[in-house]
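Colleague: In this note's numbering, the protein residues as written are 3 to 297.
1. Just how far apart, CA to CA, sit residue 287 and residue 124?
2. Out of 122, 192, 187, state which residue places its alpha-carbon closest to the alpha-carbon of residue 159.
3. Based on DSSP bridge pairs, tell me the residues matched to residue 189.
4. Does the contact criterion of 3 or more C-beta pairs under 8 Å hold for the region 287-297 versus the region 169-187?
5. Per the DSSP calculation, residue 279 is bridged to which residue(s)?
6. Out of curiosity, what's the CA-to-CA distance linking residue 266 and residue 118?
7. If we call anything under 8 Å between Cβ atoms a contact, is residue 280 one with residue 234?
8. Quick check: residue 213 and residue 283, are their CB atoms within less than 8 Å of each other?
9. Just checking residue 223 against the ligand NAP - is the residue's beta carbon closer than 7 Å to any of the ligand's heavy atoms?
10. In whole angstroms, what is the alpha-carbon distance linking residue 261 and residue 143?
11. Under the three-state reduction of DSSP, which class applies to residue 242: helix, strand or coil?
12. If you reduce the DSSP assignment to three classes, tell me which class residue 130 lands in.
13. So what does DSSP say about residue 2, is it helix, strand or coil?
14. Could you tell me which of 205, 131, 191, 127 sits nearest to residue 274, measuring between CA atoms?
15. Buried or exposed for residue 182, going by 16 or more other Cβ atoms inside 10 Å?
16. Touch check for the region 219-228 and the region 179-196: three-plus C-beta pairs under 8 Å?
17. Is it right to say residue 154 is buried, meaning 16 or more other beta carbons lie within 10 angstroms of its own, or is it exposed?
18. State the Cα-Cα distance for the pair residue 241 and residue 216, rounded to the nearest angstrom.
19. Does DSSP classify residue 218 as helix, strand or coil?
20. Between residue 276 and residue 145, is the Cβ-Cβ spacing less than 8 Å?
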């Protein structure tokens with residue numbers, strides 16, 4: 003039986019009785035070497051170094067043989083983050099932020115969703131965040147935000163004139179007196195759930211009660227912020243909360259007075275739309291404009 007050294011010599015170098023088989027000018031194992039167990043052959047190869055004799059010059063242009071067990075090299079990581087990492091020679095690790103586009107996406111969604119729609123652009127650039135004190139306008143925004151649940155704001159803006167017609171230009175005195183037949187007609191014609199229409203009528207009655215106590219619905223709403231808009235300083239859209247302690251306070255008081263569909267989240271949207279709080283990002287061109295309107 004051959005020793006492991008002899009086997010390697012026969013398989014890699016040459017034998018006295020059999021010619022050396024070559025592929026692309028490289029010696030290969032002879033068929034009689036395949037009888038050696040894999041583990042033994044593998045260990046024997048590790049112990050013997052190949053001859054340093056250089057191969058013919060023509061082999062330099064040939065493709066090297068690839069072992070089926072060898073792993074393909076991994077591509078170098080791509081730096082998708084700040085360029086400072088790639089410019090710093092002392093940096094050994096290249097950090098790739100997982101949410102490189104999250105900030106810009108959320109900012110665009112919060113400040114200019116549906117940015118290609120002229121209706122939304124006009125609303126964002128002319129109304130959203132502008133302080134509103136008129137009772138009818140405040141009532142309208144309260145209703146629109148209520149019916150917006152389950153839909154998008156652009157779709158509601160496109161139906162805005164229809165809502166104004168249905169609810170008598172949001173005159174609380176008229177809406178408060180709508181009967182059941184009229185409410186059903188509004189529900190079917192404008193695709194609004196009948197429970198929401200009833201809620202609008204109930205809220206109209208609550209607004210009339212507030213007018214008796216505060217003089218106007220606007221004075222009541224603005225009293226929660228000391229009649230001065232709040233201006234936030236958010237740089238990123240994902241930092242803007244869906245509700246605040248202020249919206250929770252207003253919601254709690256309005257629920258106590260009998261208002262419907264005035265949860266903290268909806269009230270925060272109402273505060274943003276009516277200008278009680280200026281939640282335009284500081285990178286938005288409307289932030290400073292709405293801030294100046296507060297004075």
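The beta-carbon is built from N, C-alpha and C at its ideal position, and this holds for glycine as well.
Modeller: Quick look at the numbers:
1. 13 Å
2. 122
3. Answer is none; residue 189 lacks a bridge partner.
4. no
5. 232
6. 30 Å
7. yes
8. In this structure, residue 213 keeps its C-beta atom at 8 Å or more from the C-beta atom of residue 283.
9. In the structure shown, the ligand NAP is absent, as is every other ligand, since no ligand is present at all.
10. 14 Å
11. coil
12. Residue 130: coil per DSSP, three-state reduction.
13. Residue 2 lies beyond the stretch modelled for the chain, which goes from 3 to 297, so this question has no answer here.
14. 131
15. exposed
16. Short answer: they don't touch.
17. exposed
18. If I take the Cα positions, the gap works out to 34 Å.
19. Per DSSP, reduced to three states, the secondary structure at residue 218 is coil, with no helix or strand assignment.
20. no
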